[in-house]
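Have a look at the structure below, then the notes.
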Ligand code: 6PG
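In the working numbering, the protein residues as written are 97 to 338.
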């Protein structure tokens, strides 16, 4: 098995990873001190199982949908109806989940990456109610992240300026490092760190290589993710080489 981060849990398969993440969200909701609960959604394909599971019979009744607000860690600059859109992916995966109007906070992907990043930072600040992030009062109850085959997470790609952003909560990404090669908007490490719990969801044999590279100590973007709360890697056997 590949040496994994100390906080990693290896689960039998992708469905087990989704179930473990769903259980963790239910627990976070039950322990949430605030009325409004903020979840930062990962994009890509891995989290689809989780979002569908949350909307399904096992979890739908366990979640306080009227308190939950869903944000995005990143998105591609395509229309929300486009197959590459993370908003579309989430809407399709959540299906008929009772998400109240205005509780799915998509990024403005119809302009420039710079304008979209600025607008989303305002969306986050308006929800948070302050201009500076207080470690004692995280912006998110849960941050969900994936791991790209090049070691990126959200749209924080290797050797891009967004990696160095330490104050802004969002950043434009004019050039994506992996397909789809469209401009992106991403949350920065600072915003992603403001979480009660951060979960990496990593499944499939294709993720063995980035996990190996992280284990070798390579300076990949995913290595720099921090959390003011708990940071846990949920990895299935295929990805872990187990
Ligand atoms: C995105 C995601 C990205 C994703 C990884 C893994 O918008 O693409 O935010 O960071 O999590 O690329 O993608 P898969 O889950 O599709 O392997």
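Virtual Cβ for every residue (Gly too), placed ideally from N, Cα, C.
Between residue 102 and residue 326, what straight-line distance do the alpha-carbon atoms span, to the nearest angstrom?
-> One-based indexing of the chain shown puts residue 102 at position 6. One-based indexing of the chain shown puts residue 326 at position 230. Each residue's alpha carbon lies about 12 angstroms from the other.
Buried versus exposed call for residue 313 [16 or more other C-beta atoms within 10 Å across all chains shown] = Residue numbering aside, residue 313 sits at position 217 when the chain shown is read from its first letter. It is exposed - the Cβ of residue 313 has fewer than 16 other Cβ atoms within 10 Å.
For the candidate residues 213, 253, 289, whose alpha-carbon lies nearest to that of residue 135?
-> Indexing the chain shown from 1 puts residue 135 at position 39. It is 289 whose Cα lies nearest to the Cα of residue 135.
Heavy atom of the ligand ATP less than 7 angstroms from the Cβ of residue 243, yes or no?
-> Only the ligand 6PG can be found as ligands here, which leaves the ligand ATP out of the picture.
For residue 168, which three-state DSSP category applies?
-> Residue numbering aside, residue 168 sits at position 72 when the chain shown is read from its first letter. The answer is strand: DSSP assigns residue 168 an E or B state.
Quick one: is residue 248 buried, meaning 16 or more other Cβ sit within 10 Å of its Cβ, or exposed?
-> One-based indexing of the chain shown puts residue 248 at position 152. Residue 248 is buried by the Cβ-count criterion.
Which residues DSSP lists as bridging residue 236, in chain order = On the chain shown, residue 236 is found 140 positions in, with the first residue counted as 1. In DSSP, residue 236 forms a bridge with 291.
On the three-state DSSP scale, how would you describe residue 105?
-> For the purposes of this step, residue 105 is identified with residue 9 of the chain shown, where counting begins at 1. Residue state, collapsed to three classes: strand.
What is the DSSP secondary structure of residue 268, counted as helix, strand or coil?
-> The sequence position of residue 268 within the chain shown is 172, counting from 1. DSSP places residue 268 in strand when its eight states are reduced to three.
Do three or more CB pairs link the region 272-283 to the region 222-231 at distances below 8 angstroms?
-> no
Thinking C-beta only, is residue 175 closer than 8 angstroms to residue 125?
-> For the purposes of this step, residue 125 is identified with residue 29 of the chain shown, where counting begins at 1. For the purposes of this step, residue 175 is identified with residue 79 of the chain shown, where counting begins at 1. Going by C-beta atoms, residue 125 is not nearer than 8 angstroms to residue 175.
At what residue ranges does the region 165-218 contain a whole run of the alpha helix (DSSP H), taking only runs of 4 or more?
-> 182-190
Return yes when at least one heavy atom of the ligand 6PG lies under 7 angstroms from the C-beta of residue 294, else no.
-> Counted from its first residue, the chain shown places residue 294 at position 198. No, the ligand 6PG has no heavy atom inside 7 angstroms of this Cβ.
Leaving aside the five residues before and after residue 294 along the sequence, list all residues of the same chain whose C-beta is less than 6 angstroms from its C-beta, in chain order.
-> Here residue 294 refers to the residue found at position 198 when the chain shown is read from its first residue. Excluding sequence neighbours, residue 294 sits near 239, 323, 327.
Going along the chain, which residues of its own chain have a beta-carbon closer than 7 angstroms to the beta-carbon of residue 149, five neighbours each way excluded?
-> Looking up residue 149 in the chain shown gives position 53. Excluding residues within five positions, the ones whose Cβ falls inside 7 angstroms are 114, 115, 118, 155.
Whose C-beta lies closer than 6 angstroms to the C-beta of residue 257 among residues of the same chain, with five residues either side of it excluded?
-> Within the chain shown, numbered from 1, the residue matching residue 257 stands at position 161. No residues qualify anywhere along the chain.
Candidates 296, 265, 234, 301: which alpha carbon is nearest residue 128's?
-> Within the chain shown, residue 128 is the residue found at index 32, counting from 1. Considering only alpha carbons, the answer is 234.
Looking at residue 252 and residue 205, is the spacing between their C-beta atoms short of 8 angstroms?
-> Within the chain shown, residue 205 is the residue found at index 109, counting from 1. Within the chain shown, residue 252 is the residue found at index 156, counting from 1. Contact: no.
Out of curiosity, what's the CA-to-CA distance linking residue 298 and residue 330?
-> If you number the chain shown from 1, residue 298 lands on position 202. If you number the chain shown from 1, residue 330 lands on position 234. Those two C-alpha atoms are separated by around 6 angstroms.
Residue 110: beta carbon under 7 angstroms from a heavy atom of the ligand 6PG?
-> By 1-based counting over the chain shown, the position of residue 110 is 14. Not so, every heavy atom of the ligand 6PG lies at least 7 angstroms from the Cβ.
Would you call the CB atoms of residue 200 and residue 186 closer than 8 angstroms?
-> Residue mapping note: residue 200 aligns to position 104 of the chain shown, counting from 1. Residue mapping note: residue 186 aligns to position 90 of the chain shown, counting from 1. In this structure, residue 186 lies closer than 8 angstroms to residue 200 by Cβ.
For residue 264 and residue 212, the rounded distance between their alpha carbons | Indexing the chain shown from 1 puts residue 212 at position 116. Indexing the chain shown from 1 puts residue 264 at position 168. If I take the Cα positions, the gap works out to 13 angstroms.
Near the ligand 6PG: residue 139 beta-carbon under 7 angstroms from a heavy atom = By 1-based counting over the chain shown, the position of residue 139 is 43. Yes.
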